[in-house]
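For what it's worth, the working numbering labels the leading residue of the sequence shown as 380, then goes sequentially.
C-beta: ideal position from N, C-alpha, C; glycine also.
Following: one structure in structure tokens, then a few remarks.
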Amino acid sequence: MARIVKSGLIQLSLAKTEGEGTIPEIMEAMLQKHIPYIEEAGRQGVQILCFQEIFNTPYFCPGQDSAWYASAESVPGPTTERMQVYAKKYDMVIIVPVYEKDQAGVLYNTAAVIDADGTYLGKYRKNHIPQTGGFWEKYFFKPGNLGYPVFQTKYAKVGVYICYDRHFPDGARCLGLNGAEIVYNPSATTVGQSQNLWKLEQPAHAVANGYFMGCINRVGIEKPWNLGRFYGTSYFVNPLGEIFACASEDKDELLVAEFDLDLIEQIRGKWQFYRDRRPETYGEITAP
380 MARIVKSGLI QLSLAKTEGE GTIPEIMEAM LQKHIPYIEE AGRQGVQILC FQEIFNTPYF
440 CPGQDSAWYA SAESVPGPTT ERMQVYAKKY DMVIIVPVYE KDQAGVLYNT AAVIDADGTY
500 LGKYRKNHIP QTGGFWEKYF FKPGNLGYPV FQTKYAKVGV YICYDRHFPD GARCLGLNGA
560 EIVYNPSATT VGQSQNLWKL EQPAHAVANG YFMGCINRVG IEKPWNLGRF YGTSYFVNPL
620 GEIFACASED KDELLVAEFD LDLIEQIRGK WQFYRDRRPE TYGEITAP
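And the structure:
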């Protein structure tokens, strides 16, 4: 019997930005902008939904303004609690990327995973933190310390890998070893940065590890930082490396696709990458 999953990705431009309200007002405006898309996903029968990186704020990392520390919140916390209501309402798993405050001065780039009955399952903290080319993330985020968890949801085993993480194949492999069937990569990336890699690296992860990926990027130009145009093109890719659904470059959009998780079994039955891997020979990877 086929294991068909319907999944959705939401890519959005800002509702408000710096100078157009207080930080709480900016966050609330962005959350409110998401709600019609969440509800449309529910109407379409989406079973697993993922938002973009730090979905309820601008991508503030091109600056180094400590005022944005105030946008960090506990996880679980107020935003995840609000999303738990929608998850339960629509019987829908929701992946919620937010700026997390663990304690004073201890802040992470995090994604919460909420099951279809509204249960908070846990979180992933972004492990690889860039500090280059306008992406001054080390000013805002500590590296993750929770490893590469995989969450057994109602519909599938789900893992999360956030933005810059996608440049590192090692964590992508760990997610596969931990049983992921679908890995979601919420991102914020602009034209002139890694656009040539956007549709290269994640299909490669999907092939090497035999799972599906849902890859999300925001859209638009965010002032006052003007890092460049976030080029959207959120997409789904299968374990053959085939991109089978893709969003536009410049429009707010809910991308919805159906796919059969049984393809994982078929592909891994042919390409025995897990059987043939040689971890005893890979010590150099983790050597100091």
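DSSP bridge partner residues for residue i (one or two, in chain order)
| i | result |
| --- | --- |
| P565 | I595 |
| T511 | F514 |
| N506 | The partner list for N506 (beta bridge, DSSP) is empty, contrary to what the question assumes. |
| E452 | E479 |
| N488 | Y478 |
| C429 | L388, I474 |
| R422 | Answer is none; R422 lacks a bridge partner. |
Simplified DSSP state of residue i, which is helix, strand or coil
| i | result |
| --- | --- |
| E479 | strand |
| A381 | coil |
| A583 | helix |
| Y359 | Absent from the structure is residue 359, since the part of the chain shown begins at 380 and ends at 667. |
| C440 | coil |
| I541 | coil |
| L634 | strand |
| V616 | strand |
| K395 | coil |
| K536 | strand |
| R668 | The displayed coordinates of the chain run from 380 to 667. Any statement about residue 668 would go beyond what the structure contains. |
| Q531 | strand |
| D629 | coil |
Cβ shell of residue i (< 7 Å), same chain only, five flanking positions each side left out
| i | result |
| --- | --- |
| D639 | A381, R382, I383 |
| N524 | R504 |
| V454 | V477, E479, T489, A491, K502 |
| Y499 | P455, T459, Q463, A491, I493 |
CB-CB length for residue i against residue j, believed under 8 Å
| i | j | result |
| --- | --- | --- |
| K502 | N488 | The pair is not a contact, with the Cβ atoms about 11 Å apart (cut-off 8 Å). |
| W515 | Q574 | Between Q574 and W515 the Cβ distance is about 20 Å, and since that is not below 8 Å, they are no contact. |
| I493 | Q463 | 5 Å |
| P437 | E397 | 7 Å |
| I643 | G589 | 6 Å |
Contacting residues, own chain, Cβ-Cβ under 8 Å from residue i (five flanking each side not counted)
| i | result |
| --- | --- |
| V485 | K521 |
| N596 | Q390, Q431, S566, A567, T568, W577, F609, Y610, G611, T612, S613 |
| N564 | V539, Y540, I541, C542, D544, R545, Q581, M592, G593, C594, I595 |
| D496 | A466, K467, D470, K533 |
Beta-carbon contacts of residue i that lie in its chain and below 6 Å, excluding the five residues immediately before and after
| i | result |
| --- | --- |
| W604 | P441, G442 |
| I402 | A449, S450 |
Inter-stretch contact at 8 Å, needing at least 3 Cβ pairs: the stretch 634-645 / the stretch 461-472: No, the stretch 634-645 does not touch the stretch 461-472.
At least 3 beta-carbon pairs within less than 8 Å: the stretch 578-593 vs the stretch 613-620: Touching, per the Cβ criterion.
Cβ contact (3+ pairs, closer than 8 Å) linking the stretch 540-548 and the stretch 406-416: Output reads no: the stretch 406-416 does not touch the stretch 540-548.
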